[in-house]
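Only one structure is covered here, and it is reproduced in the block below.
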Amino acid sequence: MNAPKHPFAAMYPELGTGPVSTESAVSEAFFEREKEAIFRHQWFALLKRDSDIPNPGDYFVREIEIMGVSLLVIRGDDGQIRAFHNSCTHRGNRLVHEPLGCTTGMQCDFHGWTFNRQGELAFVTDEEQFYGLDKAQLGLPSIHLQTWRGFLFVNFDEQPQQSLEEAMGAFNQDLAPFEFEGLECIGRYRYEVNANWKTTMNAFQEGYHVAFVHKRSAPDAFTGGDNPYCHIPKIKLQPNGNQSLAVPAAPDHKLSPTEELAFKFGSTFTQGVGNTEACPGTWQGEADNWGFDLNIIFPYSRINVGAGWCYVDAFWPIAQDRTVYELAYYFPKPKKASQMISQEFSKIVLRDLSREDLATNEVTHSALMAGSIDKIWLSDQEIAVRHLYKTVIDKVAES
38 MNAPKHPFAA MYPELGTGPV STESAVSEAF FEREKEAIFR HQWFALLKRD
88 SDIPNPGDYF VREIEIMGVS LLVIRGDDGQ IRAFHNSCTH RGNRLVHEPL
138 GCTTGMQCDF HGWTFNRQGE LAFVTDEEQF YGLDKAQLGL PSIHLQTWRG
188 FLFVNFDEQP QQSLEEAMGA FNQDLAPFEF EGLECIGRYR YEVNANWKTT
238 MNAFQEGYHV AFVHKRSAPD AFTGGDNPYC HIPKIKLQPN GNQSLAVPAA
288 PDHKLSPTEE LAFKFGSTFT QGVGNTEACP GTWQGEADNW GFDLNIIFPY
338 SRINVGAGWC YVDAFWPIAQ DRTVYELAYY FPKPKKASQM ISQEFSKIVL
388 RDLSREDLAT NEVTHSALMA GSIDKIWLSD QEIAVRHLYK TVIDKVAES
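Heads up: the sequence shown begins at 38 in the working numbering, then just goes up one per residue.
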C-alpha cells in the first residue's frame with residue numbers, strides 16, 4: 038500500500054491547507070501585539086547551560102532587546118544561579134558591562150554602590166548622607182530563572198503563567214533519555230538579519246529547501262535516492278506551539294575525504310546513516326534513514342540533537358524587521374586531539390549551513406514588505422511553518 042500523499046495534513050487537519058497571510062510578518066502593529074501576547078509571558082532560552090558558569094562568581098550578561106532588559110545571570114556563593122536586572126538600584130546605571138567573566142562582586146561605576154554575588158546590596162558609599170536607607174530592600178531586582186536538563190531559561194512575568202516544565206510539554210518525556218550531561222560548548226555564532234523573526238525561523242523548519250540552498254555545502258548528505266527533496270519522515274506538533282522534526286540522512290551519501298577523516302575520529306553533523314551509535318531520546322528508532330532531530334520550543338528557540346552532539350539556537354526578535362540569530366554547539370569534552378577534528382568539522386559545516394539558510398531571509402522579507410505577495414503557499418512538508426503562524430496568530434487573537 039502506498040504511503041499517503043499528504044500525511045501531515047491528515048495528522049493535523051486543524052491547521053488547514055490553504056495559503057497563509059503574510060500580515061503577521063510585515064505589520065508593525067502585529068509585532069507590538071506579539072510582544073505583549075507572547076514574549077512577555079514566555080520562557081526565554083538563554084542558549085547557556087548551568088555548566089557554562091560552574092563556579093561562584095561566574096556570570097554572563099544578555100541583552101533581551103524585545104523586553105528592553107539587560108540581564109545579569111550569576112552563580113552565587115551558595116552555588117545557586119540567579120538572574121537579575123543588570124541595573125544599579127541607586128539610579129539605574131548599567132552595573133556590569135563585560136559580557137561574561139567571574140567576579141567577587143559588582144560595583145557600580147557611577148557612585149560605587151556594591152552588590153555581592155547573591156545580588157544583595159553590600160556597600161553604599163557615603164551611606165550616612167542618605168535618609169533611612171535600608172540596604173536589605175535594595176538588592177538587584179530578580180527575574181524568574183529555571184533550568185531544564187541544565188539549560189537556562191528566564192521569564193519576565195511578575196508571576197509566570199506556567200512553569201518551565203509545563204512550557205516544555207512533550208519534550209519532558211520525549212527527550213528524557215537523551216544525555217545532555219557532559220556536553221560542553223565548543224563554539225558560538227551570532228548573525229544580525231534584516232527580516233522578521235518568523236520569516237527568519239521558517240527557513241529552519243523544513244527540508245524542502247535543502248536540495249537547493251545547500252547544494253554546495255551538503256550536496257547529498259540529506260537528499261538523494263528515493264528522497265530527493267529531503268522529505269521529513271516524522272513530525273510532532275504540540276498544541277502549545279512546540280515542534281519536533283526528524284531530519285533524514287541520505288543512505289547513499291558518499292563521504293568526502295574531509296568528512297571521512299572527521300567521522301573516523303568521532304560524531305559529525307553530516308555522517309547520516311553511516312553512524313550506528315544509539316541515540317535514545319530521538320526519532321532514531323522510528324524514522325527511516327534518521328539523521329538528527331529539530332526540536333522547536335515555542336516561540337523562538339530550538340534544542341537540536343544528534344548522535345553525540347546537540348546545538349541550540351534562537352531567533353531573537355529585535356524589531357518587526359530585525360532578528361538576531363544565535364547558535365551554540367555542544368559536544369562531549371574531547372579526550373584526545375583527534376576528537377577535536379570531528380567536532381571542529383561539524384562546527385564549520387553547521388556554520389555554513391546556517392549562513393546559507395539566513396541568506397534567503399532578507400530578500401524574502403523585502404519582497405513581503407513590498408507587497409509582491411500577500412500570502413504564502415505551503416506544502417505538506419512545510420506544515421511546521423504553517424503551525425508556527427497559526428499558533429502565533431491564535432495567541433495574539435486570544436490576548
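Beta carbons are placed, not taken as given, at the ideal position from N, Cα and C, and that holds for glycine.
Just so you know, these numbers come straight off a predicted model, no measurement behind them.
Reduced DSSP category for glutamate 135 - H, G, I as helix; E, B as strand; rest coil
Sequence index remark: in the sequence shown, residue 135 carries index 98 (1-based). In the structure shown, glutamate 135 sits in coil (DSSP, three-state: anything other than H, G, I, E or B).
Buried or exposed: which applies to serine 200, given that a residue is buried once 16 or more other Cβ atoms fall within 10 Å of its Cβ?
To locate residue 200, count along the sequence shown from 1; it is residue 163. Serine 200 comes out exposed.
Contact set for arginine 423: own chain, Cβ-Cβ below 7 angstroms, skip 5 residues either direction:
What you label residue 423 is simply residue 386 of the sequence shown in a count that begins at 1. Here the set comprises Leu52, Val57, Leu415.
In the stretch 242-318, which residue ranges form an unbroken beta strand (DSSP E) of at least 3 residues, counting only runs that do not cross its ends?
271-274, 280-285
From valine 133 to glycine 345, what does the alpha carbon distance come to, in whole angstroms?
The residue given as residue 133 occupies position 96 in the sequence shown. The residue given as residue 345 occupies position 308 in the sequence shown. Taking the straight line joining both Cα atoms gives about 36 angstroms.
Please name the residue, chosen from Glu435, Gly224, Met48, Ala120, that lies closest to proline 8 on a Cα-to-Cα basis.
Limits of the chain in this structure are 38 at one end and 436 at the other, which puts residue 8 out of reach.
When the Cα atoms are used, what is the spatial distance from arginine 227 to glycine 169?
As a working note, residue 227 is residue 190 in the sequence shown. As a working note, residue 169 is residue 132 in the sequence shown. Roughly 46 angstroms separates the two Cα atoms.
Roughly how many whole angstroms lie between the Cα atoms of lysine 42 and arginine 253?
On the sequence shown, residue 42 is found 5 positions in, with the first residue counted as 1. On the sequence shown, residue 253 is found 216 positions in, with the first residue counted as 1. When rounded, the distance between both Cα atoms is 29 angstroms.
Does valine 57 come out as helix, strand or coil in the three-state DSSP assignment?
Taking the sequence shown and counting its residues from 1, one reaches residue 57 at position 20. Three-state DSSP puts valine 57 in a strand.
Candidates Arg112, Asp89, Glu73, Ser124, of which the one nearest methionine 104 by Cα:
The residue given as residue 104 occupies position 67 in the sequence shown. Among Arg112, Asp89, Glu73, Ser124, the Cα nearest to that of methionine 104 belongs to Glu73.
Thinking just about the alpha-carbon of each residue, which of Ala351, Phe167, Phe368 is nearest to the one in tyrosine 362?
By 1-based counting over the sequence shown, the position of residue 362 is 325. Closest option to tyrosine 362, Cα to Cα, is Ala351.
Per DSSP, what kind of secondary structure is alanine 344 in: helix, strand or coil?
Here residue 344 is taken as the residue at index 307 of the sequence shown, counted from 1. Three-state result, alanine 344: coil.
Thinking C-alpha only, which one of His251, Phe67, Ala287, Trp320 is nearest aspartate 263?
As a working mapping, residue 263 is identified with position 226 in the sequence shown. Among His251, Phe67, Ala287, Trp320, the Cα nearest to that of aspartate 263 belongs to Ala287.
Select from Thr428, His251, Lys432, Ile420 the residue whose C-alpha is nearest the C-alpha of alanine 47.
Counting from 1 along the sequence shown, the entry for residue 47 is found at position 10. Minimum Cα distance to alanine 47 is reached at Ile420.
Three-pair Cβ contact test at 8 angstroms for the stretch 74-82 versus the stretch 189-196:
yes
Ends of the alpha helix (DSSP H) at phenylalanine 208?
On the sequence shown, position 171 is the one that residue 208 refers to. Note, phenylalanine 208: alpha helix (DSSP H), 208-211.
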